[in-house]
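Peer 1: Protein sequence lines, in the order shown, are assigned to chains A and B.
Using UniProt numbering, the letters of the first sequence correspond one by one to residues 1 to 221.
Using UniProt numbering, the letters of the second sequence correspond one by one to residues 1 to 221.
Backbone N, C-alpha and C fix where the C-beta goes; we use that ideal spot for every residue, glycine too.
Here the structure is a predicted model, which is why all the values come from computation and not from measurement.
Have a look at the structure that comes next, please.
2 protein chains.
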Amino acid sequence: MKLYGYFRSSASYRVRIALNLKGLDYESVAVHLVKNGGEQLSDSFRALNPEALVPALVDIADEVDGGEVALSQSLAIIEYLEEKYPEAALLPAKLADRAHVRALALAIACEVHPLNNLRVLKYLTGTLGITEEQKNAWYQHWCGTGLAALESKLAADPRTGKFCVGDTPTLADCCLVPQIYNAQRFKCDLSAMPHLLRIHQNCMELDAFIKASPENQPDAE
Amino acid sequence: MKLYGYFRSSASYRVRIALNLKGLDYESVAVHLVKNGGEQLSDSFRALNPEALVPALVDIADEVDGGEVALSQSLAIIEYLEEKYPEAALLPAKLADRAHVRALALAIACEVHPLNNLRVLKYLTGTLGITEEQKNAWYQHWCGTGLAALESKLAADPRTGKFCVGDTPTLADCCLVPQIYNAQRFKCDLSAMPHLLRIHQNCMELDAFIKASPENQPDAE
Numbered sequence: 001m002k003l004y005g006y007f008r009s010s011a012s013y014r015v016r017i018a019l020n021l022k023g024l025d026y027e028s029v030a031v032h033l034v035k036n037g038g039e040q041l042s043d044s045f046r047a048l049n050p051e052a053l054v055p056a057l058v059d060i061a062d063e064v065d066g067g068e069v070a071l072s073q074s075l076a077i078i079e080y081l082e083e084k085y086p087e088a089a090l091l092p093a094k095l096a097d098r099a100h101v102r103a104l105a106l107a108i109a110c111e112v113h114p115l116n117n118l119r120v121l122k123y124l125t126g127t128l129g130i131t132e133e134q135k136n137a138w139y140q141h142w143c144g145t146g147l148a149a150l151e152s153k154l155a156a157d158p159r160t161g162k163f164c165v166g167d168t169p170t171l172a173d174c175c176l177v178p179q180i181y182n183a184q185r186f187k188c189d190l191s192a193m194p195h196l197l198r199i200h201q202n203c204m205e206l207d208a209f210i211k212a213s214p215e216n217q218p219d220a221e
Numbered sequence: 001m002k003l004y005g006y007f008r009s010s011a012s013y014r015v016r017i018a019l020n021l022k023g024l025d026y027e028s029v030a031v032h033l034v035k036n037g038g039e040q041l042s043d044s045f046r047a048l049n050p051e052a053l054v055p056a057l058v059d060i061a062d063e064v065d066g067g068e069v070a071l072s073q074s075l076a077i078i079e080y081l082e083e084k085y086p087e088a089a090l091l092p093a094k095l096a097d098r099a100h101v102r103a104l105a106l107a108i109a110c111e112v113h114p115l116n117n118l119r120v121l122k123y124l125t126g127t128l129g130i131t132e133e134q135k136n137a138w139y140q141h142w143c144g145t146g147l148a149a150l151e152s153k154l155a156a157d158p159r160t161g162k163f164c165v166g167d168t169p170t171l172a173d174c175c176l177v178p179q180i181y182n183a184q185r186f187k188c189d190l191s192a193m194p195h196l197l198r199i200h201q202n203c204m205e206l207d208a209f210i211k212a213s214p215e216n217q218p219d220a221e
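See the structure below:
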C-alpha cells in the first residue's frame with residue numbers, strides 16, 4: 001500500500017495510526033501542502049484524488065478490474081482497512097458501540113478539524129483580512145467548543161475506558177490524537193478536559209501512535 | 001424510533017432520507033435551533049446528546065442493557081441503520097465501492113457543511129463582524145469549492161450512474177441532496193456541475209427524498 005500524505009496533516013495522521021494499529025506495512029509518499037504552490041493541487045495528485053486533498057491510499061483490491069484502487073477521505077480509508085483487514089479491530093462488535101465510536105470520530109472530523117485547517121485559515125487572513133490574533137481566537141474557539149463537547153460525551157458515557165471507548169484503541173482514538181496534537185500546537189487550553197488528556201496519554205504510550213506522529217515522518221521539517 | 005431534528009438541518013435531513021429509503025417508521029421530534037435560545041442547548045436535549053447537536057436518534061437496541069440507545073452524528077446514525085436494517089442497502093457490496101461511497105459522503109460532511117452551518121455563520125457576522133455580503137461570499141466559496149471537487153470526482157469515476165454510485169441511492173446521495181438544498185437556498189452557482197444536478201433531479205423523483213424534504217416536515221415554517 002502507498003499512503004500519500006503530509007506529516008502535519010491531521011487526516012493523514014489518522015490513517016497512519018490505523019495502519020500501524022493493524023500492523024500493515026505501507027510506503028509513505030510525501031505531498032507537500034505548502035511548497036510548489038501546494039503539491040496536492042498538481043495534475044499528478046489530482047489523477048489520484050480529484051478532490052486534491054490528502055490523504056490518498058493506493059491499494060491492490062483483488063475485486064477490482066486492474067487491481068489498483070485509489071481511496072480518499074481519512075475515515076473512508078480507515079473503514080476500508082477495517083473491512084479488509086479486520087485485526088486489530090478499530091470498531092467494537094455491538095452495533096450501538098460501533099455507532100458511539102463513529103460518532104466520536106465524526107465529532108472531531110466534522111465539528112472541529114474542518115474549521116481549523118490550512119485553507120480555511122488562509123481564507124480568513126487573506127480574503128477576510130482578519131488579524132493573527134483573531135485567527136488564533138477562531139482556532140481556539142472551535143477547537144475549544146468541539147473538544148469540550150467531546151469531553152462531555154466521554155464524561156457522560158460508561159463505555160469510556162482507558163481509551164475513548166473501552167480498553168483498546170478504536171477509530172475514535174485515531175481521530176483524537178491528531179486533534180490534540182493540533183490543539184497543543186495552537187495553544188488551546190485543555191486543562192478542563194481530563195478525559196481527553198488521560199486518553200491521549202494512554203495512546204502516546206503505544207508504538208502505533210508514536211510511529212505515526214508528525215515528527216517521526218520522513219517528510220517532517 | 002424517535003428522530004430528534006430540525007426541518008432545515010442538513011444533518012437531520014440526511015438521516016430522514018436514509019430512514020425513508022429503508023422504509024423505517026419513526027417519530028419526528030422537533031428541536032428548534034433558533035427559538036428559545038436554541039433548544040439543542042437545553043438540559044433535556046443534552047441528556048440525549050451532550051454535544052448539543054441535532055440529529056439524535058433514539059432506538060431500542062436489544063443488545064444494550066435497558067434497551068434504549070441514543071445515537072448522534074448523522075453519518076454514524078446512518079451506518080448504524082445500515083448494519084441493523086440492511087435493506088435497502090445504502091452501501092454497495094465491494095469494499096472499494098463502499099469506500100468510494102463513504103468518501104463522497106465525507107466530502108460533503110467534512111469539507112462543505114461544517115463551514116456553512118449556523119453557528120459558524122454566527123461567529124463570522126457576530127465575533128468577526130463581517131458584512132452580510134462577505135458572509136454570502138464565504139458560503140458560496142466553500143459550497144462552490146466543495147461541490148466542484150465532488151463534481152470532478154463524479155465526472156472522473158466510471159461508477160457514477162443514475163445516482164452518485166451506480167443506479168440505486170446510497171449514503172452519498174443521502175448527503176448530496178441536503179447539500180444541494182442548502183446551495184440553492186444560498187444561491188450558489190451550480191451551473192458548471194451537471195453530474196450533481198442530474199443526480200439531484202433523479203433523487204427528487206423518489207418518494208423517500210420528497211418525504212424527507214424540509215418543507216414536508218411537521219416543524220417546517
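Whole angstroms is fine: what's the gap from residue 112 (chain A)'s alpha carbon to residue 43 (chain A)'s?
Peer 2: 29 Å
Peer 1: Classify residue 204 (chain B): buried if its beta carbon has 16 or more other beta carbons within 10 angstroms, exposed otherwise.
Peer 2: exposed
Peer 1: For the segment 187-211 of chain B, list every residue whose C-beta sits within 9 Å of some C-beta in chain A, in sequence order.
Peer 2: For the segment 187-211 of chain B, the beta-carbon criterion of a distance under 9 Å to any beta-carbon of chain A is satisfied by none of its residues.
Peer 1: Quick one: what's got a C-beta closer than 8 Å to residue 164 (chain A)'s C-beta in the same chain, skipping five residues either side?
Peer 2: 101, 104, 154, 170, 172, 173, 176, 199
Peer 1: Is residue 67 (chain A) helix, strand or coil by DSSP?
Peer 2: coil
Peer 1: Which residues mark the beginning and the end of the beta strand (DSSP E) in which residue 279 (chain A) is found?
Peer 2: The requested residue 279 (chain A) is not part of the displayed model; chain A covers only 1 to 221.
Peer 1: Let me know the secondary structure DSSP gives residue 91 (chain A) once reduced to three states.
Peer 2: coil
Peer 1: When you compare the CB of residue 165 (chain B) with every CB in chain A, is at least one pair closer than 8 Å?
Peer 2: By this cut-off, residue 165 (chain B) is not an interface position.
Peer 1: Measuring only between beta-carbons, confirm whether residue 134 (chain B) sits less than 8 Å from chain A.
Peer 2: yes
Peer 1: Considering only the beta carbon of each residue, do residue 179 (chain B) and residue 9 (chain B) sit closer than 8 Å?
Peer 2: no
Peer 1: So, with DSSP's three-state summary, where would you put residue 62 (chain A)?
Peer 2: The answer is coil: DSSP assigns residue 62 (chain A) none of H, G, I, E or B.
Peer 1: Tell me which residues share the same chain as residue 21 (chain B) and place their Cβ nearer than 7 Å to its Cβ, disregarding the 5 neighbours each side in the sequence.
Peer 2: If you ignore the 5 residues before and after residue 21 (chain B), its C-beta comes within less than 7 Å of the C-beta of 88, 90, 169, 208, all in its own chain and listed in chain order.
Peer 1: Could you have a look at residue 84 (chain A) and say whether DSSP puts it in helix, strand or coil?
Peer 2: helix
Peer 1: Starting from the beta carbon of residue 96 (chain B), find every residue of chain A whose beta carbon is closer than 7 Å, and list them in chain order.
Peer 2: 61, 63, 64, 69
Peer 1: Leaving aside the five residues before and after residue 129 (chain A) along the sequence, list all residues of the same chain whose C-beta is less than 8 Å from its C-beta, in chain order.
Peer 2: none
Peer 1: Report the partner residues of residue 238 (chain B) according to the DSSP bridge assignment.
Peer 2: For chain B, the structure presents residues 1 to 221; residue 238 (chain B) sits outside this window and is missing.
Peer 1: With a threshold of 6 Å on Cβ separation, who are the neighbours of residue 48 (chain A) within its own chain once the five nearest residues in sequence on each side are excluded?
Peer 2: Taken in chain order, the residues that qualify are 56, 70.
Peer 1: Chain B partners of residue 122 (chain A), CB-CB under 9 Å?
Peer 2: Near residue 122 (chain A) there are no residues of chain B at all, since even the closest Cβ is about 11 Å away, more than 9 Å.
Peer 1: By DSSP, does residue 2 (chain A) sit in helix, in strand, or in coil?
Peer 2: strand
Peer 1: Using only CA atoms, which one of B:94, B:97, B:110, B:80 lies nearest to residue 98 (chain A)?
Peer 2: Of B:94, B:97, B:110, B:80, the residue nearest in Cα terms is B:80.
Peer 1: Helix, strand or coil: how does DSSP classify residue 72 (chain A) here?
Peer 2: strand
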